[in-house]
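Student:
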Amino acid sequence: MLGLLASSQETGAYFFAFVFQESLNWIVSLVQVKFNKSLSFRWGIFLKYPAQARYSRRKMSKLFSPITIRGEEIPNRVFVAPMCQYSSETEDGRCGGWHTVHYGTRAVGGAGLVMLEASSVRPDGRITPWDLGLWNESHVEAMGPVVDAIVANGATPAIQLAHAGRKASHTKPWDGGKMLPASEGGWETIAPSPISFQEDWDVPREMTLEDIGEVVDDFAKSAKLAVKAGMKAIELHMAHGYLACEFMSPLSNNREDQYGGSLENRVRFPREVARAVRNAIPDSMPLFVRVSATEYMENGWDVDECVDFSRWLKEDGVDLIDCSSGGNSSTQTLTPFPGYQVQFSARIRSEAEVTTGAVGLITDAVQAEKILDDGEADVILLARELLRNPYWPIQAQTELDGSATWPDQYKRVAELRNYPAPPR
């Protein structure tokens with residue numbers, strides 16, 4: 204029996220963890236009976252990731268080690284992924300109180316980099332009228348308190364710049380996410396080709412060459428404003444079926460000019476954007492690109508193409524590829540599972556030889572640490588998990604190497620529980 208258990212490293216690790224856990228549980232029970240005191244231990248790391256139980260005893264966590272990208276040192280490798288809040292208070296793209304609290308709280312929680320949501324480079328690029336924008340000086344001024352809150356709490360401020368293309372002009376998701384007619388404040392959408400995202404959506408206007416040049420210029424202008432606002436890194440949104448992604452896919456781009464057809468032509472617009480932004484910002488400033496590594500559709504954009512694209516982006520001055528997937532087809536078939544997009548980060552990192560970020564159903568500290576240790580990514584981006592729990596980084600660092608501390612104002616949490624956070 205024991206020989207069979209030892210036949211694989213994972214099973215052996217599980218057996219050891221089980222015996223170790225049960226032995227300590229027995230000791231804890233005796234102590235509680237003897238001294239009539241309740242002791243709290245957390246065994247989730249052994250039960251959920253038994254083969255990786257060794258990580259709980261590391262002296263130094265890679266997840267919480269600093270990383271330097273281009274000229275910017277970021278205190279740890281937990282990045283807040285961009286997540287739209289649809290909460291511009293005045294419907295003109297400016298940040299408000301919600302954003303200061305929301306992003307400041309994620310910095311307090313211990314994230315190394317806090318990235319503001321997709322911010323449109325021009326008015327017609329917003330998903331909704333309540334999206335953030337960055338196309339004039341008033342946006343820079345409104346971002347000031349948000350950037351200050353992030354920096355004051357030890358994180359690196361960043362922003363994602365975007366244009367929604369054919370997926371623009373909608374209501375908020377919690378209001379149905381429907382196309383917004385002009386009579387209710389909507390606007391004409393643009394795209395590489397007159398192909399709607401789904402049947403009940405408006406058909407976008409096909410962009411002219413002049414339109415394309417203007418949008419490229421708008422990305423560069425917005426990047427300069429981001430620098431002025433105090434951002435230390437910029438990400439370009441080229442994923443999830445928004446404008447750049449629409450150019451990249453043969454399913455949403457049937458142009459017959461230099462921006463359609465071959466892979467080189469379909470990625471021409473996003474590469475022009477990347478180069479324009481690179482030239483508009485300081486040489487020392489990191490530039491990221493979020494990609495959909497595949498769109499999960501037959502004859503659509505796939506990982507092979509994305510590897511080539513990532514390699515070219517590196518040549519264009521991009522420093523990190525943020526590896527997501529999907530979002531360009533309303534009929535895509537996808538069944539997510541824990542870490543389901545890590546495979547894309549691993550392949551792009553290996554084959555394109557570029558720094559990558561993994562994102563998507565990464566919810567556990569040991570899971571995140573193992574992704575980095577296995578060389579599948581250089582940083583971890585968390586989205587929904589940091590909406591559920593802004594203090595995930597503090598909890599994770601304590602679980603991995605015990606070195607995390609709460610802010611002075613919150614230290615009573617650790618004192619009361621003998622552990623820096625309530626169980627997840």
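Numbering (this note's numbering), first residue to last: 204 to 627. Don't be surprised by glycine CBs; every beta carbon is placed ideally from N, CA and C.
(1) For Asp505, I'd like the list of residues in its chain whose CB is within less than 6 Å of its CB, leaving aside the five on either flank, ordered along the chain.
(2) My output table needs one value for Met263: the three-state DSSP class, helix, strand or coil.
(3) Just the Cα atoms here: how many angstroms apart are His443 and Gln570?
(4) If you check the beta carbons only, do Ser425 and Arg325 fall under 9 Å apart?
(5) Roughly how many angstroms separate the alpha carbons of Asp525 and Ser548, rounded to a whole number?
(6) Quick check on this structure: which residue in Ile574, Asp522 and Gly542 has the alpha carbon closest to the alpha carbon of Ala555?
(7) When you compare only the Cα positions, how much space is there between Pro593 and Gly463?
(8) Quick check on Gln600: does DSSP put it in helix, strand or coil?
(9) Could you compute how far the alpha carbon of Asn279 sits from the alpha carbon of Val557?
(10) Do the segment 567–584 and the segment 594–610 make contact, defined as three or more Cβ pairs closer than 8 Å?
(11) Look at Asp405 and Ser372 and say whether their C-beta atoms are less than 9 Å apart.
(12) In the DSSP assignment, find the beta strand (DSSP E) that holds Ala555 and state where it starts and stops.
(13) Considering only DSSP beta bridges, list what Asp525 is partnered with.
(14) What does a CB cutoff of less than 8 Å around Ile583 pick up in its chain, not counting 5 residues either side in sequence?
(15) In terms of alpha-carbon separation, which member of Glu409, Ala284 and Ala345 lies closest to Glu292?
(16) Tell me which same chain residues have a C-beta within less than 7 Å of the C-beta of Arg615, skipping the five on either side of it?
(17) Using 8 Å as the threshold, is the segment 305–322 in touch with the segment 354–368, meaning 3 or more CB pairs across them?
(18) Could you tell me the alpha carbon to alpha carbon distance between Glu417 and Tyr499, rounded to whole angstroms?
(19) Leaving aside the five residues before and after Thr536 along the sequence, list all residues of the same chain whose C-beta is less than 8 Å from its C-beta, in chain order.
(20) Three or more C-beta pairs closer than 8 Å, one from the segment 425–438 and one from the segment 389–398: is that the case here?
(21) Check whether the segment 357–371 touches the segment 310–324, taking contact to mean three or more Cβ pairs, one atom from each stretch, closer than 8 Å.
(22) In three-state DSSP terms, what is Gln612?
(23) For Val374, does the three-state DSSP call read helix, strand or coil?
(24) Below 8 Å on the Cβ atoms is my contact criterion, and I expect Gly296 with Ser268 to pass it. Report the Cβ-Cβ distance as a whole number of Å.
(25) May I have the straight-line CA-CA distance separating Gly389 from Met382, to the nearest angstrom?
(26) Give a yes or no on whether the C-beta atoms belonging to Pro453 and Gly503 are separated by under 9 Å.
(27) How many Å lie between Asp403 and Ala477 at the Cα?
(28) Please give me, in chain order, every unbroken run of the beta strand (DSSP E) with length at least 3 that falls completely inside the segment 406–457.
(29) Please give me, in chain order, every unbroken run of the alpha helix (DSSP H) with length at least 4 that falls completely inside the segment 307–390.
(30) Whole angstroms is fine: what's the gap from Ser264's alpha carbon to Gly605's?
(31) Determine the burial state of Gln461: buried for a count of at least 16 other Cβ atoms within 10 Å of its Cβ, exposed for fewer.
Tutor: Taking the coordinates as given:
(1) Cβ within range, chain order: Thr497.
(2) Here Met263 sits in coil by DSSP.
(3) If I take the Cα positions, the gap works out to 25 Å.
(4) Closer than 9 Å, so yes.
(5) Rounded to whole angstroms, Asp525 to Ser548 spans 8 Å at the Cα level.
(6) Nearest option by C-alpha distance: Asp522.
(7) Linking Pro593 to Gly463 through their CA atoms gives a straight-line distance of about 42 Å.
(8) Annotated three-state conformation of Gln600 is helix, per DSSP.
(9) Put simply, the backbone Cα of Asn279 is about 19 Å away from that of Val557.
(10) When C-beta atoms of the segment 567–584 are compared with those of the segment 594–610, three or more pairs fall below 8 Å, so the two segments count as touching.
(11) Cβ atoms of Asp405 and Ser372: closer than 9 Å.
(12) Boundaries cannot be given for Ala555, as no beta strand (DSSP E) includes it and DSSP labels it neither H nor E.
(13) Paired residue(s): Arg493 and Gly560.
(14) Leu266, Arg280, Val281, Phe282, Gly560, Ala561, Val562, Ile565, Ala571, Ile574 and Leu575.
(15) The candidate whose alpha carbon is nearest that of Glu292 is Ala345.
(16) Contacts found: none.
(17) Yes, since at least three Cβ pairs between the segment 305–322 and the segment 354–368 fall closer than 8 Å, the two stretches touch.
(18) Going by the C-alpha atoms only, they are around 31 Å apart.
(19) The residues are Tyr499.
(20) Contact between the segment 425–438 and the segment 389–398 is absent, because fewer than three Cβ pairs lie under 8 Å.
(21) Contact between the segment 357–371 and the segment 310–324 is present, because at least three Cβ pairs lie under 8 Å.
(22) If DSSP states are grouped into helix, strand and coil, Gln612 belongs with the helices.
(23) According to the sequence provided, residue 374 is Thr. The question's Val does not apply to it. Assignment of Thr374 by DSSP, reduced to helix, strand and coil, places it in the coil class.
(24) In fact, because the Cβ distance is near 36 Å, the residues do not count as touching under 8 Å.
(25) In this structure, the CA atom of Gly389 is about 8 Å from the CA atom of Met382.
(26) Cβ atoms of Pro453 and Gly503: closer than 9 Å.
(27) Separation of Asp403 and Ala477 (C-alpha to C-alpha, rounded to the nearest whole angstrom) is 32 Å.
(28) If one requires a minimum length of 3 residues, the beta strand (DSSP E) runs lying completely within the segment 406–457 are 436–441, in chain order.
(29) As far as the segment 307–390 is concerned, its whole alpha helix (DSSP H) runs of at least 4 residues are 340–355.
(30) C-alpha separation (whole angstroms): 9 Å.
(31) With fewer than 16 Cβ atoms within 10 Å of its Cβ, Gln461 is classed as exposed.
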